[in-house]
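Quick notes on the structure that follows.
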Amino acid sequence: MTSIPSPAPSRFGDIPEAAVDRAERNLRDTLAIAIEHRAPHAALIVYDTRTDLNRALTEAYRRVVPDAQFVDFDAVTPDHVLAAFARMQADDLVVLIQSTSFRLEAFRIRIELFKRGLKVIEHVHLSRMPGEQGLHYIASLAYDPAYYRGVGHALKARIDAAQHGVVDSGAGERLVFGSPFESAKLNIGDYSGMNNIGGQFPLGEVFTEARDLEAVNGRVRIFVFGDTAFMVNKPETPVTLIVEKGRVVGAENATPEFDNMLAIIRAHEGEVWLRELGFGMNRAFSRDCMVNDIGTFERMCGIHLSLGAKHGVYAKPQFKRKDARYHVDVFAVTEAVYLDDQQVYHDGAWRV
1 MTSIPSPAPS
11 RFGDIPEAAV
21 DRAERNLRDT
31 LAIAIEHRAP
41 HAALIVYDTR
51 TDLNRALTEA
61 YRRVVPDAQF
71 VDFDAVTPDH
81 VLAAFARMQA
91 DDLVVLIQST
101 SFRLEAFRIR
111 IELFKRGLKV
121 IEHVHLSRMP
131 GEQGLHYIAS
141 LAYDPAYYRG
151 VGHALKARID
161 AAQHGVVDSG
171 AGERLVFGSP
181 FESAKLNIGD
191 YSGMNNIGGQ
201 FPLGEVFTEA
211 RDLEAVNGRV
221 RIFVFGDTAF
231 MVNKPETPVT
241 LIVEKGRVVG
251 AENATPEFDN
261 MLAIIRAHEG
271 EVWLRELGFG
281 MNRAFSRDCM
291 VNDIGTFERM
301 CGIHLSLGAK
311 HGVYAKPQFK
321 RKDARYHVDV
331 FAVTEAVYLD
341 DQQVYHDGAW
351 RV
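Following the numbering used here, the numbering of the sequence shown begins with 1 at its first residue and continues without gaps.
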């Protein structure tokens with residue numbers, strides 16, 4: 001009897017070699033099309049090696065930008081990293097591959113790098129996505145410009161023109177936005193006309209909120225919410241939020257963790273506002289294909305909302321920045337989305 005040899009172990013633990021090849025292809029497209037990185041501009045890759053996913057992405061970047069300078073964050077002093085940043089020129093590229101989030105005392109890395117005119121790609125909290133989740137993350141880095149730019153700009157045009165909207169989360173539950181929307185913002189890898197190029201990856205989101213937050217009423221089923229550790233929390237049964245005049249006034253089928261999250265917001269802000277309306281576009285993530293990191297899963301193809309008064313993009317007269325403390329992402333069961341009377345989402349995809 002002939003035995004079948006076992007596949008050779010990967011140099012990247014749970015990340016097979018084929019997935020590193022896929023990461024290389026995805027990042028090559030991202031750098032060429034979205035970031036538009038090319039000679040003579042330099043690249044600096046700051047990484048750590050604490051997880052399989054970190055090491056796999058670092059290898060993919062070594063293949064895509066072999067002339068880049070690579071710095072192991074854990075092997076050098078903070079001054080060494082700061083000196084490497086200082087040598088970069090405007091329109092050069094900095095990539096941060098982080099198992100958690102790099103800290104350099106008071107230096108706010110991405111903000112400071114953007115101030116210097118640098119292009120920035122942040123891969124953050126990779127340690128929250130072990131094993132198979134690393135493969136989902138690599139898949140999420142694929143860049144399809146026809147999809148992201150075509151659908152993204154079309155969604156923004158629909159949102160900006162709409163007078164009202166509805167999120168249908170099934171079982172008869174509808175959340176009604178009885179107001180026009182704020183001008184939608186894009187995170188689709190098209191930086192034309194923007195001050196900064198890059199940001200936290202993966203890409204794939206168009207977001208807005210109601211101009212009149214008190215015009216939001218109805219019910220919406222939530223299948224995932226961000227917990228106090230910024231991790232995905234998926235109740236066994238979706239939680240149904242009851243929203244009146246833009247505030248969460250009830251939660252059916254709530255778990256103790258969900259109730260605790262609402263209690264924390266109420267303790268500091270008095271009530272729980274519903275603010276962001278996010279149109280996630282990344283087709284690597286869905287209700288059935290998830291990762292633990294809430295900031296990554298936020299790009300899921302479907303609707304996400306935020307609870308709490310905090311939203312740094314849209315100023316509202318009823319909120320003072322110093323008093324608005326919470327922005328908790330929650331993810332709606334998304335059966336259909338309507339802008340005015342046009343259905344723009346069904347069968348798990350945007351249709352614009």
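Cβ atoms here follow ideal geometry from the backbone N, Cα and C, with glycine treated the same way.
Where do the ends of the beta strand (DSSP E) carrying threonine 58 lie? Going by DSSP, threonine 58 is part of no beta strand (DSSP E) but of the alpha helix (DSSP H) stretching over 52-64.
Tyrosine 137 (DSSP reduced to helix, strand or coil): DSSP places tyrosine 137 in helix when its eight states are reduced to three.
Report yes or no: do three or more beta-carbon pairs, one from the region 65-75 and one from the region 117-124, lie closer than 8 Å? When Cβ pairs closer than 8 Å are counted between the two stretches, the region 65-75 is seen not to touch the region 117-124, the count staying below three.
Give me the Cα-Cα distance between histidine 153 and alanine 23, rounded to the nearest whole angstrom. The alpha-carbon atoms of histidine 153 and alanine 23 are separated by roughly 26 Å.
Taking the runs of the beta strand (DSSP E) that are 3 residues or longer, which of them lie wholly in the region 293-329? For the region 293-329, whole beta strand (DSSP E) runs of length 3 or above, ordered along the chain, are 302-307.
Take every Cβ of the region 221-231, pair it with every Cβ of the region 141-151, and state whether three or more of those distances are shorter than 8 Å. No: the two stretches stay apart, fewer than three of their Cβ pairs being nearer than 8 Å.
With a cut-off of 8 Å on the beta carbons, I'd call glutamate 276 and glutamate 209 a contact; round off their distance for me. By a beta-carbon distance limit of 8 Å, glutamate 276 contacts glutamate 209. Their separation comes to about 5 Å.
Nonlocal neighbours in the same chain, by C-beta distance under 7 Å from isoleucine 294, ignoring five residues either side: Result list for isoleucine 294: Gly226, Phe230, Met231, Val232, Asp329, in chain order.
Beta-carbon separation of alanine 332 and histidine 346 under 9 Å? With respect to the 9 Å criterion, alanine 332 and histidine 346 are not classified as neighbours on the basis of their beta carbons.
Closest to aspartate 160 by CA distance: which of Ser179, Ala171, Glu173 is it? Looking at the Cα atoms, Ser179 is the closest of the given residues.
Reduced DSSP category for leucine 213 - H, G, I as helix; E, B as strand; rest coil: Under the three-state reduction of DSSP, leucine 213 is assigned to helix.
Residue closest to aspartate 259, alpha-carbon to alpha-carbon, out of Thr240, Lys245, Gly246, Glu244: Of Thr240, Lys245, Gly246, Glu244, the residue nearest in Cα terms is Thr240.
Contact under 9 Å by Cβ, isoleucine 45 with phenylalanine 70: Isoleucine 45 is a Cβ neighbour of phenylalanine 70, given a cutoff of 9 Å.
Count the other C-beta atoms from every protein chain shown that fall within 10 angstroms of the C-beta of methionine 281, then say buried if there are 16 or more, exposed otherwise. Counting Cβ neighbours within 10 Å, methionine 281 comes out buried, since at least 16 surround it.
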